[in-house]
Every structure is written in C-alpha cells, then in structure tokens.
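Taking it in order: structure first as structure tokens, then the write-up.
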Amino acid sequence: MSSTLREASKDTLQAKDKTYHYYSLPLAAKSLGDIARLPKSLKVLLENLLRWQDGESVTDEDIQALAGWLKNAHADREIAWRPARVLMQDFTGVPAVVDLAAMREAVKRLGGDTSKVNPLSPVDLVIDHSVTVDHFGDDDAFEENVRLEMERNHERYMFLKWGKQAFSRFSVVPPGTGICHQVNLEYLGKAVWSELQDGEWIAYPDSLVGTDSHTTMINGLGVLGWGVGGIEAEAAMLGQPVSMLIPDVVGFKLTGKLREGITATDLVLTVTQMLRKHGVVGKFVEFYGDGLDSLPLADRATIANMSPEYGATCGFFPIDAITLEYMRLSGRSDDLVELVEAYTKAQGMWRNPGDEPVFTSTLELDMGDVEASLAGPKRPQDRVALGDVPKAFAASAELELNTAQKDRQPVDYTMNGQPYQLPDGAVVIAAITSCTNTSNPSVLMAAGLLAKKAVTLGLKRQPWVKASLAPGSKVVSDYLAQAKLTPYLDELGFNLVGYGCTTCIGNSGPLPEPIETAIKKGDLTVGAVLSGNRNFEGRIHPLVKTNWLASPPLVVAYALAGNMNINLATEPLGYDRKGDPVYLKDIWPSAQEIARAVELVSSDMFRKEYAEVFEGTEEWKSIQVESSDTYGWQSDSTYIRLSPFFDEMQAQPAPVKDIHGARILAMLGDSVTTDHISPAGSIKPDSPAGRYLQNYGVERKDFNSYGSRRGNHEVMMRGTFANIRIRNEMLPGVEGGMTRHLPGTEAMSIYDAAMLYLQEKTPLAVIAGKEYGSGSSRDWAAKGPRLLGIRVVIAESFERIHRSNLIGMGILPLEFPQGVTRKTLGLTGEEVIDIADLQNLRPGATIPVMLTRADGSKETVPCRCRIDTATELTYYQNDGILHYVIRNMLN
7 MSSTLREASK DTLQAKDKTY HYYSLPLAAK SLGDIARLPK SLKVLLENLL
57 RWQDGESVTD EDIQALAGWL KNAHADREIA WRPARVLMQD FTGVPAVVDL
107 AAMREAVKRL GGDTSKVNPL SPVDLVIDHS VTVDHFGDDD AFEENVRLEM
157 ERNHERYMFL KWGKQAFSRF SVVPPGTGIC HQVNLEYLGK AVWSELQDGE
207 WIAYPDSLVG TDSHTTMING LGVLGWGVGG IEAEAAMLGQ PVSMLIPDVV
257 GFKLTGKLRE GITATDLVLT VTQMLRKHGV VGKFVEFYGD GLDSLPLADR
307 ATIANMSPEY GATCGFFPID AITLEYMRLS GRSDDLVELV EAYTKAQGMW
357 RNPGDEPVFT STLELDMGDV EASLAGPKRP QDRVALGDVP KAFAASAELE
407 LNTAQKDRQP VDYTMNGQPY QLPDGAVVIA AITSCTNTSN PSVLMAAGLL
457 AKKAVTLGLK RQPWVKASLA PGSKVVSDYL AQAKLTPYLD ELGFNLVGYG
507 CTTCIGNSGP LPEPIETAIK KGDLTVGAVL SGNRNFEGRI HPLVKTNWLA
557 SPPLVVAYAL AGNMNINLAT EPLGYDRKGD PVYLKDIWPS AQEIARAVEL
607 VSSDMFRKEY AEVFEGTEEW KSIQVESSDT YGWQSDSTYI RLSPFFDEMQ
657 AQPAPVKDIH GARILAMLGD SVTTDHISPA GSIKPDSPAG RYLQNYGVER
707 KDFNSYGSRR GNHEVMMRGT FANIRIRNEM LPGVEGGMTR HLPGTEAMSI
757 YDAAMLYLQE KTPLAVIAGK EYGSGSSRDW AAKGPRLLGI RVVIAESFER
807 IHRSNLIGMG ILPLEFPQGV TRKTLGLTGE EVIDIADLQN LRPGATIPVM
857 LTRADGSKET VPCRCRIDTA TELTYYQNDG ILHYVIRNML N
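Given below as structure tokens:
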C-alpha cells in the first residue's frame, strides 16, 4: 500500500450546489480491499485514520489493521483516534478548566509558552448538573430553584465565564437551557462536520468524546462518541489523540415493533439487560435489522444513551432516512441535511434496508416481545417486569432487615396540619428527569396524557411523594404546553423544577422534614421512581434505599399509587370520585393518542429555543469577570483551588518506583461504582468534607454537593470513598467510608487513615471484585485515590472509563487471574503488598504481586497488567496523561 493513501483517497462531492472535499473510503478500498461489510461504526474510525494519516501517530499499518478487521471480526492493534470535538457538563467541566488553568501555571513555572494550553478542537460546556430540587409542587418551583442555583454556584459560574474568555474554541451553554446530551442531540450534533482548510471545504463525520458517560446518546444520531474521564478529554482538546484498541463490534438485530402500551423505556431496559448478560465492556454495539425502519430517532437516542449501563463503549445507530427526518424536525439547515445524505451515501456509511455487516458476535430482539418493565432496586441492568415489582421490592427489603425488624409498621406524621401514615415501601420521590427519556416526545406525551386521565377521574398524588418534572430542554415545555397537558401534570405535583439533570444525578434535594423524620423513626425501606438511567444505592437520596428506573408515564402512575408494594399490573392505583377502583390500564393512553400528541412537535419550537442558546438569563449575563490568561486563585475559596497535581512536576519524568510495603486501604465487593468511590450528592456535616467546609465558615445550608465542589481538591479528597452505602470488607457490618489504620484495629474514616499512611510514607492499595469503577465517567474517582496515596487497584475486572482514568492519574490497574478473587485467596485486608520491576512494565503483561499475610506467610499472585496499550504505558510512566501533555508542550 502506498504511503500516499491519504492523498490518493481524496475526492469531491456535491451537496446543495457546494463542492466538498473528503477522504473517500471507496477509493481507499482499491488499495485496502473490499470493506463494504465493515460495520458502519468502524467505517467512521477508518475515515478518521485515513484523514489523519501522518506516518507517525497514524501509519499505513494502522489503516490496514482496521480494514483487515473483516477477516476475523477482530483486530489486535492500538490506534490513535482524533474526535472532531469535546462535550462537557459543569460537574466535570469545572475541574477540567481548573486543570487547564493549573497546566498553564505549570508550563509557566517550567519556562514554556502558556498559550499552548489552548483547545485545538471545539469544546462545548453545557451547565446542567447544578440545579437541585429544593422547591417542588407549585408554580414558583422553577424560579426558586434557579435563584438558589445562581446563589450557590456564583463563584463556579464566574470561573467558567473566565474560562470562556481565557481559552479559544471554548463555548459555554448557560444554566437553565437543558441537559448537555439533549442539547447535543437537538442542536450541537451535526452528523457530518465541514470546515474550511487551505481554501477547501473538507467534509468528515461528526465525532466526539465527552466528560460524561452518557455522551453515547449522540450515537442515536449516527455520531460516534463516548464518555471519557475529564483528564482524557483535556488531553484530547489539547491535540492528544485518544489511544484505543480497535474494538470488537457486537451486532444487535432489532426486528418487529413495540406492542400497544409498551414504551421506549421498556425497550432500553430490555436491551440493557440482554447486553449486560452478553458482555460488551470495551466493545462497540451497532444496531441493525428491519426493526430500525420504524424506530424513531428519539427511541434510538434512548437506547444509545444507556450504553454505560450495558457496558459498551457506544451503541451506534447508522444514519438513514429517519436520521434526516429528525434533523429537519430539530431545525437543522437544509444545506446540512443534504450534506449528511450525500456524504454518508458516498462513504458507504448510510444504512440501507437489509444491510448485514460483519460483526464479532450478534444478538437479536423481536421488539414485539418487550414487556412493561422497571429496573431496580440498585442496578440499571436488573430489569423487573411490572407485575413482579412488589416481589422484587420485598426481596430487596428483606436484605435490609434484621429478624426483629420484619414487621415494620406505618409511621404517623403530620404535614401542613394534616395527619398521615407513611408505610414501608412508600414512594417518596417520583421524578420525570434525565436526558434518557426527556428527549423522547412519545414517553413525555404519554406521561401528560396519563396525568390528564388521572386528574379527570379525580386521582391525586399521594401526599408523601415528592414529584418533579425536569426536562432536558425547553422544547419539552413547548410541546407539552401545545398539547395542553401541562396543567394536568401540575395538578399532580409534576411542576417544572428546572432544565437540568436534578434527581438523576443525586440533586433530588431534601425530602420534607416530616417525611425524613418518619423514615428515620421507623427505619423504613422506601423507594424512588425516576425516568433516569442510574439507580445505584445512595445516589438518589441518602434515606432512599431502593431506586427504580421507569418510563415517565410509570413515574406518574407510581406517584398516584405511592407504594412499591402495589402491583400496578393487577391492583388499583387509586379510586375515582365515586370510590370505584382505577387500574393502570384505565388511564394508560393508546398509541393513537400518543401519536396525535407527538404530531404537535414542530421545528419552529427547536429554532425558537436554540436561537440564543449561548446567551443565558439576565443573572448569567450580569456575572462579570476580568480578562486574563491565568486565573486569580483565591486562598480562601471553598469552590475553586489550584490543584496540586503538577506541584512537584519536573520537565523530565522520574523512573517509576516499585511498590514496597503497601497497605490495603479498602477491600470492596462487586459493582463498586464511581458513585461509591467519589459521590456526587450531598455532603454530611460530620464527614471529613463537611468538617472541612465548616472550618472555613460554610454553613450547612450552603454545603451544596460534592459534584459542585469538584474544583476544590481539599473537599474531593475528603469525599473519596465517602459514599454512605459503600461497604469496606475490612470492617464487616459497617456501612460508609470507614477503614482501619493497620496494624491497628480502630475504625476511622478512609480519609483520616490515608493521611496517617501519607505521614508514614506508606503506599496504598485497593482490592475489589468485578466491574470496579462502573457508572459515571468520574475522573475524581481516580484523582481522589491518587491524592490519598493509592498506587495500585487490584480487581477482578474494570469498567472501561475508570480503568483509563486510573492510568491517566498514574495509578496501576491490575486484574486477578481468572477464577482467583479476594475470597479464594482468603484476604482479610491485613496483607502487605509488594510489586517489583515496574520500570520494565509492558502492556497486558503478567505482574507478580507478593502478598505478606499478618502471620508472616507469603504468596505470589500473577496478576494481569490492565495498561492495555503502549500509549497508556507512556502516560503511566509520565505519572499521568496531563503530565505527558505538558512535557510535550515544553519539548
């Protein structure tokens, strides 16, 4: 193959009377061989390599390896992928901008040019994670929550405004606009990008990485993208390619249609369960089959959104006529839509009926077999049929109970002068929230229509239910109002509380004080039902032990029933004005009713709401910042602090030190999420982070959340492993972030123990089970452990993003051999760990881990190094990816 393949493949196409240059896959195939049946997602990667071929970061061999994937539906090669852009939200965006500002300080200290610390590709930061449901259930809730959001986050928002003026190609979508993934789907995403280069218009596939794991939602629009940690996104925006192994691609064939009464949420929960069982971590999933011919783009986006929950890197839907139809509906220009069609057809990326690409493995689902479902009580992959929910709730509650507690009685409480009884199993939170479902008009219209029928019959929300509606964009409010459904949702307490993530990311706000008191008094097991994508324990609210994912209409139904013990498939969820029972089937809207309502959604709504998407409210506009290249750090700030990661950095990396005499800080079980490692929600006053804030004079009401304080490493390192539901097996029967400072026996916070170990210069380790680091793409789940002194994590398996984040922070991920676990080894957490010869580390190598037990006996365990690529090894040897990027700038 000629080294000038890139030039040889350059071609032109016409779209809307305009000429575009592009790198043609059909022309490249003349040298590469037939690539027609390559999965469409891999064709996007192949074009990227072709366009960026430079003989160094992308070589002939890289392109040949990807084209040759077809031979075995697998290729064992590392490639360098350069996404077109980067997407951020504010919880991850603030610490990313803190890092960029700190990198400028480091480059300045080491004698480099600070202007090099600037994005080379477009970066969009959407502020969506900070609004909290403090007020609910009335017409003033939205304004009050926005006011509190601006008060609490003024300093953070001022910092982001500074970043907007300090960095090039960096835009900020202000608070109150929508959820980043929905804004990306409805406005930012282009499907095909074009830009002027040397006098020529170059067309290429839109692609991205995002600092939120649900970045994958955009794959529903045929845009390849996935979540990465903030540190990897920072490197990408500064010009560093994303290092990855050519992925396996699992084909998921969809056939048939959903039955009457079944929603896209039911479908995605079924797909999630199937793919989790199949095993798709580190793989692409690509959807195909005749079922796509009638699957709306909003439903595709719902399925793509939950890729992190089924474990895949992405869930890709190729571009077709339905994609173009959605682009027109959402107000994209005719020029862009014509370019997307012409480009994807020219490149063989367009989905044609009957397409059967080659896949590594396949699954198939007849959508007619999908049943009404929820997922819970603690994992999104644990799908439960609607009729089985009471049984599943009872089983989960049983695990929480001691024998003496089995007969929990309702607890009397008084609210607004009225006496009530709060039962065990009460639904205390019902939230229509999250980009997963609020981007989907069919399920939101269904919720509104169900509310209308319920109100007409005289049904009411149970008084202990905190209900809320937090759409992912303002367009949702427009079409609910156009369908005249808003008053009925309001009547049931589903008033607008904000345009943002809210309950889905733990910003559910406080429960009414009488409810909280009753839950504590009776030690009740209560539930939250939300139309979100995550239900990990401790995430939604500290007092709510079971969390259930459901479609928006089911969220409304559970607010009416008010109890997880009611079987909505067979039992009444309430009684009408005559006292007659009302069943779910009586108020569930028909497919025809939903379709008529969805027809009211218009492109004018999208154009109106996105016309001034970067402008913001008067409160946002009033935030003033000084123009400067470097940030003016405030020593007394409790939100924004200069991060210490580059404090001792030198221009050349020091050799990697072996790990000698490491103590185990925590020994954890399966499915430990990044929420467990670095919680995003509320800060307890008696926690290390709470005490720190109080020492700085911060009142409890102003604590805000861990997520909002990610720009302050002092808070975040104290919050590491501080989830109230985490269980350290070194302290059996104890919940929360506690451990022992060995060889002592006293229980203390993980933070306090880590600080004692740091004083002793003792390196630390974490031991864990399967799926360590699942959930959010939370780089503080790696940054926090780094600051605590953790050098190595040894687990049975890792989730993709977290494994990458650990390497990006200079922490070594090791995997136990197949069949070997902390339990088979009989570990107690008292062992001392030694790992030698780290200077000669190799990707995927077997690493001998020496365990010295408390009785002095020794055992060597051959663990697998989960540094998977040579590039990742380079990052690790540089003490992290950002250190590597800085050194590149200096050189």
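Read in order, the letters of the sequence shown correspond to residues 7 to 897 in our numbering.
Using N, Cα and C, we set each Cβ at its ideal position, and we do this for glycine too.
As the structure is a prediction and not an experimental result, all values here were calculated from the model.
Nearest-angstrom Cα separation, counted from residue j out to residue i
| i | j | result |
| --- | --- | --- |
| Gln-411 | Val-152 | The pLDDT assigned to Gln-411 is 49, lower than 50, so where the model puts this residue is not dependable; a value taken from the coordinates is nonetheless given after this. If I take the Cα positions, the gap works out to 42 Å. |
| Leu-762 | His-747 | 8 Å |
| Leu-530 | Ala-524 | 8 Å |
| Arg-724 | Val-449 | 40 Å |
| Phe-182 | Tyr-645 | The displayed chain sequence assigns Gly, not Phe, to residue 182. Gly-182 and Tyr-645: Cα-Cα distance of roughly 21 Å. |
| Arg-265 | Ile-309 | 17 Å |
| Ala-81 | Gly-825 | 26 Å |
| Asp-341 | Asn-446 | 25 Å |
| Ile-325 | Ser-177 | 27 Å |
| Gly-297 | Gly-321 | 16 Å |
| Gln-188 | Asn-443 | 10 Å |
| Met-722 | Val-471 | 32 Å |
| Val-503 | Cys-510 | 13 Å |
| Ala-753 | Ser-803 | 28 Å |
| His-831 | Gly-862 | Residue identity differs from the one stated: residue 831 is Leu in this sequence, not His. When rounded, the distance between both Cα atoms is 15 Å. |
| Lys-22 | Met-333 | 16 Å |
| Ser-213 | Pro-363 | 21 Å |
| Tyr-890 | Trp-87 | 17 Å |
| His-284 | Ser-782 | 21 Å |
| Asp-17 | Val-343 | 20 Å |
| Phe-323 | Tyr-294 | 8 Å |
| Trp-75 | Gly-317 | 22 Å |
| Arg-806 | Arg-540 | 17 Å |
| Ala-73 | Asn-54 | 12 Å |
Contacting residues, own chain, Cβ-Cβ under 6 Å from residue i (five flanking each side not counted)
| i | result |
| --- | --- |
| Gly-622 | Pro-180 |
| Gly-464 | Asp-582 and Arg-583 |
| Ala-556 | Leu-380 and Val-535 |
| Asp-417 | At residue 417 the sequence reads Val, which differs from the Asp that was named. Answer for Val-417: Leu-428, Ala-524, Lys-527 and Gly-528, listed in chain order. |
| Ala-71 | Ala-81 and Arg-83 |
Three-state secondary structure (DSSP) of residue i
| i | result |
| --- | --- |
| Arg-893 | helix |
| Asp-418 | strand |
| Gly-840 | One point to set straight first is that residue 840 is Asp, not Gly, in the sequence displayed. Strand. |
| Thr-444 | helix |
| Asn-571 | coil |
| Pro-493 | helix |
| His-666 | strand |
| Pro-685 | coil |
| Ile-21 | Looking at the sequence provided, one finds Ala at residue 21 rather than Ile. Ala-21: strand per DSSP, three-state reduction. |
| Trp-168 | helix |
| Leu-131 | strand |
| Trp-639 | coil |
| Ile-626 | Checking the displayed sequence, the identity of residue 626 turns out to be Trp instead of Ile. Helix, per DSSP. |
| Phe-898 | With the chain represented from 7 up to 897, any question about residue 898 goes unanswered, as that position is not in the structure. |
| Ser-677 | coil |
| Gln-411 | Unreliable placement is indicated for Gln-411, whose pLDDT of 49 sits below 50; no coordinate value is reported for it. |
| Val-619 | coil |
Residues near residue i in its chain [Cβ-Cβ closer than 7 Å; skip 5 each side]
| i | result |
| --- | --- |
| Asn-408 | For Asn-408, the predicted model reports a pLDDT of 45, less than 50, meaning its position is unreliable; a value from the coordinates is still stated below. None. |
| Asp-146 | none |
Beta-carbon contacts of residue i that lie in its chain and below 8 Å, excluding the five residues immediately before and after
| i | result |
| --- | --- |
| Val-215 | Pro-89, Val-92, Leu-93, Thr-221, Gly-231, Trp-232, Gly-233, Val-234, Glu-238, Ala-239, Ala-242 and Val-248 |
| Ser-677 | Arg-385, Gly-775, Lys-776, Glu-777 and Ser-780 |
Along the chain, which unbroken stretches of the alpha helix (DSSP H) at least 4 residues long are found entirely within the region 44-129?
You should have 46-58, 66-73, 75-78 and 96-115.
Would you list, in sequence order, the uninterrupted alpha helix (DSSP H) runs of no fewer than 4 residues that lie entirely inside the region 762-817?
As far as the region 762-817 is concerned, its whole alpha helix (DSSP H) runs of at least 4 residues are 786-794 and 806-814.
Quick check: the region 427-437 against the region 506-514, are there 3 or more CB pairs under 8 Å?
The region 427-437 is in contact with the region 506-514.
Please confirm if the region 248-260 is in contact with the region 820-834, defined as three or more CB-CB distances below 8 Å between the two stretches.
Verdict: no, contact absent.
Would you check if there are 3 or more beta carbon pairs closer than 8 Å linking the region 754-774 to the region 700-711?
In this structure the region 754-774 does not lie against the region 700-711, because fewer than three pairs of beta carbons, one per stretch, are closer than 8 Å.
Ranges of the beta strand (DSSP E) found wholly within the region 523-595, counting only runs of at least 3
With a minimum length of 3 residues, the continuous beta strand (DSSP E) runs that stay inside the region 523-595 are 533-536 and 552-555.
Quick one: which unbroken alpha helix (DSSP H) runs of 4-plus residues sit fully inside the region 148-225? Chain order, please.
Runs found: 160-172 and 186-189.
Given 8 Å as the limit, is there contact between the region 389-405 and the region 66-75, that is, 3 or more CB pairs closer than that?
The region 389-405, when compared against the region 66-75, does not touch it at the 8 Å Cβ threshold.
For the region 190-203 and the region 158-176, state whether three or more C-beta atom pairs, one from each stretch, are separated by less than 8 Å.
Judged by pairs of C-beta atoms under 8 Å, the region 190-203 does not touch the region 158-176, as fewer than three such pairs exist.
Could you pull out every unbroken alpha helix (DSSP H) segment of at least 4 residues lying fully inside the region 435-484, listed in chain order?
Those alpha helix (DSSP H) runs which fall completely within the region 435-484 and span 4+ residues are 441-444 and 447-463.
Quick one: any contact between the region 834-848 and the region 650-664, if contact means 3 or more CB pairs under 8 Å?
Verdict: yes, contact present.
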